[in-house]
Amino acid sequence: MNNRFTSALVLIITLSTGLSAQVKINPSTGFTLENKYARYVFEPVGMGLSAMIDLETGYNHIDPVNGKHLIWKVVFGKGTQRPAIDNNYKPCSFGSVTRKSNGDQVVILEWNDLRFWEEDSICSVRVTIELPEKDAVAKWKISVSNHSDYWGLWEVACPSVNGFPAAGRYNIAIPVTGSGGHLLKNWQGSFKRRSPSGFFPMQFMSFNNDTGSVYFSSMDGESRAKDFYFDSEVNELSLIRYPENMGIAGSDLPGYYAVAFGPFQGGWLEAAYRYREWALQQVWTARGPISQRPDFPEIATNVGFWVRDTWVWDLPPDVDKDTGDPFSWRRDERDPHEMNLPFLNAMKRMDVPIAFQWYGWHHVLFDNEYPHFLPPLKGFKERVAELVDSGALIVPYINALSADSKIPDWDKFDPHAIKDESGGLRQKFYRDGAGRLTPMCPNQNFWHYTINNLVDSIINVYGANGIYMDEISCNSHELCFNPDHRHPLGGGRYWADGYRNLYRKTLNIAHQSGKDIVITSESANEIFYDLVTANLFTGRPTDYEIPMLQTVYSGYTLFYASRCDFRKSDLLFNFSVGQGFIDGRQIGWMDFDLFRPQYDKKVEYMKNCAKYRMVTKKYLVFGRLWEPVYPDNEVPFFEEEFVGGGRHTGHIPGAEARLWQAEDGSIAIFMANYFDREIPFSFTIDPGKYGLKASTYQVTEISPEGNLPISKTGGTISRTEVLGPNRVKVIEFAPVK
7 MNNRFTSALV LIITLSTGLS AQVKINPSTG FTLENKYARY VFEPVGMGLS AMIDLETGYN
67 HIDPVNGKHL IWKVVFGKGT QRPAIDNNYK PCSFGSVTRK SNGDQVVILE WNDLRFWEED
127 SICSVRVTIE LPEKDAVAKW KISVSNHSDY WGLWEVACPS VNGFPAAGRY NIAIPVTGSG
187 GHLLKNWQGS FKRRSPSGFF PMQFMSFNND TGSVYFSSMD GESRAKDFYF DSEVNELSLI
247 RYPENMGIAG SDLPGYYAVA FGPFQGGWLE AAYRYREWAL QQVWTARGPI SQRPDFPEIA
307 TNVGFWVRDT WVWDLPPDVD KDTGDPFSWR RDERDPHEMN LPFLNAMKRM DVPIAFQWYG
367 WHHVLFDNEY PHFLPPLKGF KERVAELVDS GALIVPYINA LSADSKIPDW DKFDPHAIKD
427 ESGGLRQKFY RDGAGRLTPM CPNQNFWHYT INNLVDSIIN VYGANGIYMD EISCNSHELC
487 FNPDHRHPLG GGRYWADGYR NLYRKTLNIA HQSGKDIVIT SESANEIFYD LVTANLFTGR
547 PTDYEIPMLQ TVYSGYTLFY ASRCDFRKSD LLFNFSVGQG FIDGRQIGWM DFDLFRPQYD
607 KKVEYMKNCA KYRMVTKKYL VFGRLWEPVY PDNEVPFFEE EFVGGGRHTG HIPGAEARLW
667 QAEDGSIAIF MANYFDREIP FSFTIDPGKY GLKASTYQVT EISPEGNLPI SKTGGTISRT
727 EVLGPNRVKV IEFAPVK
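Numbering of the sequence shown is given in our numbering, commencing with residue 7 and proceeding in unit increments.
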């Protein structure tokens, strides 16, 4: 093909795809990519990112470094060797910029035919940076072609930048395990988390300060193995991809997905709005919001609060029930109805539907001899039947991730276990006395059948209407190198695909029996939200807590638990439960010891929250959480010792509020008072910010006793509500038509 014909063909393709002609970049002089909102400066030769300037504020987020700046890194693998190269290994060999018809700019940078370890032209790296015309955040892609007859790819990082983030300069907002998210102020340290994972349940975070913020998100709808990494001590940030067939000679990395990285205006809340727009287009939200899902179990939406406990619930008052020590769990054989009385009495006292996460119902010791849970303890079937008939949601515990390698028939399971790159098992040590719990490969049908045969018995033989599948949603994509599993070795998407298939089979078991099964799991990994009904928050209360997950996914899944040591202060308990309520969680997840007389005051607070949840489901179940509402007046603070996020002393406002919106457009302010005295709470809201255009709004107080119309108002609304001692309050603003 001659050059004239090639040029004409390129021009035709360019015009047909909405691109203007490609302009070459001279890498030896560097390049600046910018629009009205941001400027990205790539230094000469290696094209490392040397500046990232927010043009709204003029602030440059990239600091000078000793040496050269980075943009990508590639690590090769063979055996135990891990040699690495980066964009400064050889000069950038090609660059171009193209402006689309919509004004977006696309930069292509290439490092072609790199010689490495005595092999010519074994590797080429291509980086694409797309900067939208009307946004400061760029989208970064990388692909690596590898022609080596010896080396395989091991890790590929892009963007991989140095000079950012500076220690102590940013407040970072990150998704964390068993929590809505944490806001860590003036953060410094090192952070590395796998995705997909319950330890990093969403694929984004933000770095925020007074001069601007930085958004960092992988846009990976296929849930491939990757790590989010940043270290403020060495000032580095990377999105590390784990390729398929790691360490296999000639393995490549196509440019599967982009990474959003760049400056933006706002804080963690605006970052969450940005991420929600992307997240609601992914497979795990494709079935639509809960209100539009006929497959979503109604019983799950009606839960007022959760309890978790073991086999015996009515220990004597002088016995401290340590549910954290499985060796202390009793296994009495008594009349099933008598043993159920604590539950039935709690349900009567709370006067709302209860969900129960049931541990210790099986004949094996906790964390031992998995997955051989059956047979259950004597009387289990009878107890389940009575509780389900009472209207309760009964969710027995199983571990759906691991098998105990000490079981007599381990030889059947070993071929299906995850193996590391040396062929070893990736065993977990949880505590002394636990079995050798070994994660199984989710790609293996043998494990799917094992778990779902167990679920089939629990649902269809023993009568439970839910199942808690421990650890799946909490665990990370563990790289499996078992060559007999018929999946790509190491990285890829098989981990996510495998567990999604397992969950689908679990749902099919129930549907084949004409039942709606409630599936719950530990933590809240986003990639399972269309398959897992409710997601357990295991985190303890902390002043670091922010409702990131709820801001992104409210209306599309359920979160539950406000875990707290109820033997501690009333303020700590009220904060844990009250904040859980206004953040949209189904509250509770304490054991039945909470209902002892000395904790009556705490139970009343929890009941108050639970009763309010039952009359505000249009918001907390089916609606959208928009934002925290900060008081215009001063409210009292209290000091507490926290263990959530690491042991520390924190300061908490005595009253907090959130703004929710229902699908009919109405908005409501959910307020919680943690103190045992009245607290005035003043706030100002503009309904137009949430898409409401009415000139007049009906103001109504919603309560379990009935709704109380208060007044009509319009425009920007300022109000002061007096919050009763140890109480919550909900004020609704509905457009008057």
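From the three backbone atoms N, C-alpha and C, an ideal C-beta is built for every residue, glycine too.
Just so you know, these numbers come straight off a predicted model, no measurement behind them.
On the three-state DSSP scale, how would you describe residue i?
i	result
Met-211	strand
Tyr-455	helix
Cys-129	strand
Phe-579	helix
Ala-142	coil
Ile-685	strand
Asp-155	coil
Glu-136	strand
Ser-482	strand
Pro-741	strand
Ala-391	helix
Cys-164	strand
Gly-586	helix
Asn-374	coil
Arg-619	helix
Ser-13	Only weak support is given to the placement of Ser-13: the predicted model assigns it a pLDDT of 40, under 50, and the value that follows is read from those uncertain coordinates. Residue state, collapsed to three classes: helix.
Tyr-281	helix
Met-596	strand
Thr-183	coil
Arg-506	helix
Leu-399	strand
Arg-205	The sequence as given places Phe at residue 205; Arg does not occur at that position. If DSSP states are grouped into helix, strand and coil, Phe-205 belongs with coil.
Would you report the Cα separation of residue i and residue j, rounded to the nearest angstrom?
i	j	result
Ile-658	Asp-549	6 Å
Ala-231	Ala-678	40 Å
Val-627	Phe-311	13 Å
Thr-291	Glu-228	13 Å
Gly-551	Asp-599	Note that residue 551 is Glu in the sequence shown here, rather than Gly. Rounded to the nearest angstrom, the two C-alpha atoms are 26 Å apart.
Pro-693	Glu-738	11 Å
Gly-660	Glu-684	10 Å
Pro-494	Tyr-500	8 Å
Gln-433	Glu-484	11 Å
Phe-572	Phe-681	16 Å
Asn-746	Ala-361	Beyond the ends of the chain as shown, which are 7 and 743, falls residue 746; an answer cannot be given.
Arg-733	Pro-181	29 Å
Thr-444	Glu-477	12 Å
Ser-724	Asn-66	38 Å
Pro-70	Ser-479	40 Å
Ile-473	Pro-323	30 Å
Gly-498	Glu-610	49 Å
Glu-125	Glu-276	48 Å
Gly-721	Glu-116	54 Å
Trp-453	Trp-317	27 Å
Asp-576	Gly-584	11 Å
Ser-34	Gln-111	21 Å
Excluding the 5 residues preceding and the 5 following residue i in the sequence, name in chain order all residues of the same chain whose CB lies nearer than 7 Å to its CB.
i	result
Phe-236	Pro-171, Phe-197, Glu-242, Leu-243
Leu-15	Confidence in Leu-15 is poor, its pLDDT being 39 and thus under 50, which makes the residue's placement unreliable; the coordinate value appears in the next sentence. Result list for Leu-15: empty, nothing under 7 Å.
Tyr-43	Leu-61, Glu-62, Asp-141, Ala-142
Glu-727	Met-677, Phe-687, Lys-735, Ile-737
Phe-643	His-657, Ile-658, Pro-659, Gly-660
Rounded to whole angstroms, how far is the Cβ of residue i from the Cβ of residue j, which I believe are closer than 8 Å?
i	j	result
Thr-539	Ile-525	5 Å
His-378	Ile-413	6 Å
Asp-503	Thr-329	In fact, because the Cβ distance is near 35 Å, the residues do not count as touching under 8 Å.
Glu-669	Pro-634	Not a contact, Cβ separation roughly 21 Å.
Leu-631	Trp-666	6 Å
Leu-513	Ile-523	7 Å
Asn-94	Gly-52	4 Å
Thr-622	Ile-691	Actually they are not in contact, since the Cβ atoms of Thr-622 and Ile-691 sit about 17 Å apart, beyond 8 Å.
Pro-547	Asp-589	Not quite, the Cβ-Cβ distance comes to about 11 Å (not below 8 Å), so this is no contact.
Quick one: what's got a C-beta closer than 8 Å to residue i's C-beta in the same chain, skipping five residues either side?
i	result
Lys-718	Thr-702, Tyr-703, Gln-704, Val-705, Val-742
Asn-351	Phe-601
Pro-165	Leu-55, Ile-77, Trp-78, Trp-146, Leu-243, Ser-244, Leu-245, Val-265, Phe-267
When you measure from the CB of residue i to every non-hydrogen atom of the ligand ATP, does any distance come out below 6 Å?
i	result
Arg-432	No copy of the ligand ATP occurs in the structure displayed, which carries no ligand at all.
Residues in the same chain with beta-carbon distance under 6 Å from residue i, minus the five sequence neighbours each way, listed in chain order, please.
i	result
Asp-92	Leu-76, Lys-79
Quiz prompt | Stretch-stretch touch, CB-based, cutoff 8 Å, three pairs: the region 157-164 with the region 245-256 | solution = yes
Quiz prompt | At least 3 beta-carbon pairs within less than 8 Å: the region 92-101 vs the region 42-56 | solution = yes
Quiz prompt | Any 3 or more C-beta pairs closer than 8 Å across the region 258-269 and the region 603-618 | solution = no
Quiz prompt | Cβ pair count under 8 Å reaching 3, the region 564-581 against the region 279-287 | solution = no
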